[in-house]
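Working notes, structure below.
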Amino acid sequence: MIPVFKPSVSNREIESVKSVLESGWWGAGPKAAEFEEKFARFIGTKNAVALNSCTAGLHLAVKVCDFPKGSEIITTPVTFISTAYAALYNDCRVVFADVEEDTLNINPDDIRRKITSRTKAIIPVHYGGHACRMDEIMQIAKEHKLAVIEDCAHATGGKYKNKMLGSIGDFGCFSFQAVKNLATGDGGMVVMNDGENASRVRKLRWLGISRETGDRTGKDQYKWNYTIDEVGWKFQMPDILAAIGIVQLERISELNGKREKIWKRYNAEFENLGWLETPVVKDYAKSGYHNYVIKTGERDKLMQHLMKNGISSGVHYLPAYKHPVFRGIKADCPVAERAWKKLLTLPLYPDMTDEEVGKVVEGVKGFKPEIA
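Just so it is clear: in the sequence shown, position 105 is 123 by the working numbering, and no numbers are missing.
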């Protein structure tokens, strides 16, 4: 069965992990710090804080903004649930703005319509690695004095008008989960320029403790004393995962390039199939090509057909407001409501062979739609 996603591993990742295992320091330490430094340089921000997930990054980014209880945070419904949870974790209310038909990214025009006196932040999600319309979003934020927290879970290496995604807003949150563009098995990173916010995020990721274990461990003596000023969480990234991340970061251009090649082959193969719509990349974006999502009214039947032919597929995503956890929230998102019923994610990962890509192409072309 051809999977939808699959991580790419080389001997370099294996040797990097082996080195950490042999070092005796497995937890958060020097490798995590090295990964942070290199990732901040890659994105172009002054600070990067390694975490155990993008979910943790979104959580802490909202946390350090200190919004009053009941504040509203605007985001897209076409996203993984973690994006919306960032508001709930911090006693805020999530407000869903509609998406664009073509990119499935949050629509700045609907952001404007959804702003109230209680709005404090916007969380744009770069869906599939494709940049949102960040100039417009940043202008809206400036006019209304809102924080912007970029959800870059799909977007490591992506750009908006030659600016690295994650470097444009106040915070950028990245996912290194096993199938992401840069994969460490699990993990994440939050980047920012504000030094005070970075310092506080570092404390909060380690239970609010004032000094990291590595900072208290010298050559001759372990310094046990520290202080705790506020409640924090256990969100650190261990060195084992950071060791993978450092190598994956060095390979990110190669890995994204392979994704792009497959993505473009699919588009070329499917462009004349009138019963489906292929994804787009706008001229302002350099996509991370995290996924390949088509739209078709035959979604469910095509999914069954592909499964019978040894090809996995998926749906990204059921709009967040449809989950029972958000019962009671009224979401006016007609495009998302219409589009999600047609979304189908086809296999796309860096190590897909030409034979596997060809099998997916044949599987799609071999489907006989009931609608022409």
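We put the CB at the ideal spot given by N, CA and C, even for glycine. Computed from a predicted structure; not experimentally measured.
Under 8 Å by Cβ, that's how I've got Val143 and Thr101 pegged, so tell me the actual separation to the nearest angstrom. Position 125 of the sequence shown holds residue 143. Position 83 of the sequence shown holds residue 101. At roughly 6 Å, the Cβ-Cβ gap stays under 8 Å, so Val143 and Thr101 are in contact.
Restricting to runs no shorter than 3 residues, where is the beta strand (DSSP E) found entirely within the stretch 167-209? 189-193
Is Val375 helix, strand or coil by DSSP? The residue labelled residue 375 in the question sits at position 357 within the sequence shown. Of the three classes helix, strand and coil, the one that applies to Val375 here is helix, per DSSP.
Tell me the DSSP secondary structure of Arg234 in three-state form. The residue given as residue 234 occupies position 216 in the sequence shown. Legend: pLDDT at Arg234 = 43, less than 50; position of this residue unreliable, value from coordinates given subsequently. In the structure shown, Arg234 sits in a helix (DSSP, three-state: H, G or I).
Beta-carbon contacts of Ser391 that lie in its chain and below 8 Å, excluding the five residues immediately before and after: Residue 391 lies beyond the residue range present for the chain, which begins at 19 and ends at 390; the question has no answer from this structure.
Paired residues, beta bridge with Asn65 - DSSP: Position 47 of the sequence shown, counted from the first residue, corresponds to residue 65. DSSP lists Met210 as partners of Asn65.
Decide if Glu161 is buried, meaning its Cβ has at least 16 other Cβ atoms within 10 Å, or exposed. By 1-based counting over the sequence shown, the position of residue 161 is 143. So Glu161 counts as exposed.
On the DSSP letters alone, give me the boundaries of the alpha helix (DSSP H) that Ile129 sits inside. Residue numbering aside, residue 129 sits at position 111 when the sequence shown is read from its first letter. From DSSP, the alpha helix (DSSP H) with Ile129 extends over 126-132.
Beta-bridge pairing of Lys340 - partner residues as DSSP gives them: In the sequence shown, the residue the question calls residue 340 occupies position 322. In DSSP, Lys340 forms no bridge with anything.
For His308 and Asn199, which I take to be in contact (beta-carbon distance under 8 Å), what is that distance rounded to the nearest angstrom? In the sequence shown, counting from the first residue as 1, residue 308 sits at position 290. In the sequence shown, counting from the first residue as 1, residue 199 sits at position 181. Rounded, the Cβ-Cβ distance is 6 Å, consistent with contact.
How about Ser331 and Leu362: do their beta carbons lie closer than 8 Å? For this step, residue 331 is matched to residue 313 along the sequence shown. For this step, residue 362 is matched to residue 344 along the sequence shown. Yes; because the gap between Cβ atoms is below 8 Å, this pair is in contact.
Since I believe Thr97 is in contact with Asp169 (beta carbons under 8 Å), could you give me their beta-carbon distance rounded to a whole number of angstroms? Taking the sequence shown and counting its residues from 1, the one referred to as residue 169 is at position 151. Taking the sequence shown and counting its residues from 1, the one referred to as residue 97 is at position 79. At roughly 7 Å, the Cβ-Cβ gap stays under 8 Å, so Asp169 and Thr97 are in contact.
Ranges of the beta strand (DSSP E) found wholly within the stretch 273-352, counting only runs of at least 3: 310-313
So, using beta-carbon positions, are Ala159 and Phe85 closer together than 8 Å? Looking up residue 159 in the sequence shown gives position 141. Looking up residue 85 in the sequence shown gives position 67. Not a contact, by the Cβ cut-off of 8 Å.
CB of Gly203 within 8 Å of CB of Phe192, strictly: What you label residue 203 is simply residue 185 of the sequence shown in a count that begins at 1. What you label residue 192 is simply residue 174 of the sequence shown in a count that begins at 1. Not a contact, by the Cβ cut-off of 8 Å.
Would you tell me roughly how many angstroms separate the C-alpha atoms of Arg234 and Asp318, rounded to the nearest one? What you label residue 234 is simply residue 216 of the sequence shown in a count that begins at 1. What you label residue 318 is simply residue 300 of the sequence shown in a count that begins at 1. Since pLDDT at Arg234 reaches only 43, below the 50 mark, its modelled position is unreliable, and the value read off the structure follows with that caveat. Rounded to the nearest angstrom, the two C-alpha atoms are 56 Å apart.
Would you mind sorting Ser41 into buried or exposed? The rule is 16 or more other CB atoms within 10 Å of its CB. Taking the sequence shown and counting its residues from 1, the one referred to as residue 41 is at position 23. Ser41 comes out exposed.
Which residues in the same chain as Lys300 place their Cβ atom closer than 7 Å to its Cβ, once the five residues preceding and following it in sequence are excluded? Position 282 of the sequence shown holds residue 300. So the list reads Thr121, once near-sequence residues are dropped.
Can you tell me which of Lys348, Val82, Ala58 puts its alpha carbon nearest to the alpha carbon of Val249? Taking the sequence shown and counting its residues from 1, one reaches residue 249 at position 231. Considering only alpha carbons, the answer is Val82.
Pairs of beta-carbons, one from the stretch 88-97 and one from the stretch 69-78, closer than 8 Å: are there three or more? no
Note down, in chain order, each residue of its chain lying with its Cβ closer than 7 Å to the Cβ of Pro368, except the 5 sequence neighbours on either side. Residue mapping note: residue 368 aligns to position 350 of the sequence shown, counting from 1. Once the five neighbours on either side are set aside, the close Cβ partners of Pro368 are Ser26, Leu273, Lys276, Arg277.
Tell me whether the beta-carbon of Ile20 lies closer than 8 Å to the beta-carbon of Lys377. Residue numbering aside, residue 20 sits at position 2 when the sequence shown is read from its first letter. Residue numbering aside, residue 377 sits at position 359 when the sequence shown is read from its first letter. For Ile20 and Lys377, yes; Cβs fall inside 8 Å.
Buried or exposed, going by whether 16 or more other CB atoms sit within 10 Å of the CB of Trp242? What you label residue 242 is simply residue 224 of the sequence shown in a count that begins at 1. That one is exposed.
Can you tell me the Cβ-Cβ gap for Met152 and Ile124, rounded? I've got them flagged as a contact below 8 Å. Position 134 of the sequence shown holds residue 152. Position 106 of the sequence shown holds residue 124. So it is not a contact: roughly 11 Å between Cβ atoms.
Output needed for Glu118: all residues of its chain with C-beta closer than 6 Å, excluding positions within five of it in sequence on either side, in chain order. For the purposes of this step, residue 118 is taken as the residue at position 100 of the sequence shown. Same-chain partners within the cutoff: Asn125.
Please report how far the alpha carbon of Ala303 lies from the alpha carbon of Val197, in whole angstroms. As a position in the sequence shown, residue 303 is number 285, starting the count at 1. As a position in the sequence shown, residue 197 is number 179, starting the count at 1. Going from the Cα of Ala303 to the Cα of Val197 covers about 22 Å.
Hey, would you say Ala216 sits closer than 8 Å to Asn65, going by beta carbons? Counted from its first residue, the sequence shown places residue 216 at position 198. Counted from its first residue, the sequence shown places residue 65 at position 47. Against a cut-off of 8 Å, the Cβ pair of Asn65 and Ala216 comes out as a contact.
CB of Val294 within 8 Å of CB of Thr314, strictly: As a working mapping, residue 294 is identified with position 276 in the sequence shown. As a working mapping, residue 314 is identified with position 296 in the sequence shown. Note that residue 294 is Leu in the sequence shown, not Val. Contact flag set, yes.
Test item: CB-CB of Ile264 and Ser34 under 8 Å: Position 246 of the sequence shown holds residue 264. Position 16 of the sequence shown holds residue 34. Going by C-beta atoms, Ile264 is nearer than 8 Å to Ser34.
What whole-angstrom Cβ distance do Phe60 and Leu267 have, given they're in contact under 8 Å? Along the sequence shown, read from residue 1 onward, the residue named residue 60 stands at position 42. Along the sequence shown, read from residue 1 onward, the residue named residue 267 stands at position 249. Right, their Cβ atoms sit about 6 Å apart.
Rounded Cβ spacing between Ile246 and Leu225 (contact assumed at less than 8 Å): Stepping through the sequence shown from its first residue, residue 246 is reached at position 228. Stepping through the sequence shown from its first residue, residue 225 is reached at position 207. Their Cβ separation, rounded to whole angstroms, is 7 Å, which keeps Ile246 and Leu225 in contact under 8 Å.
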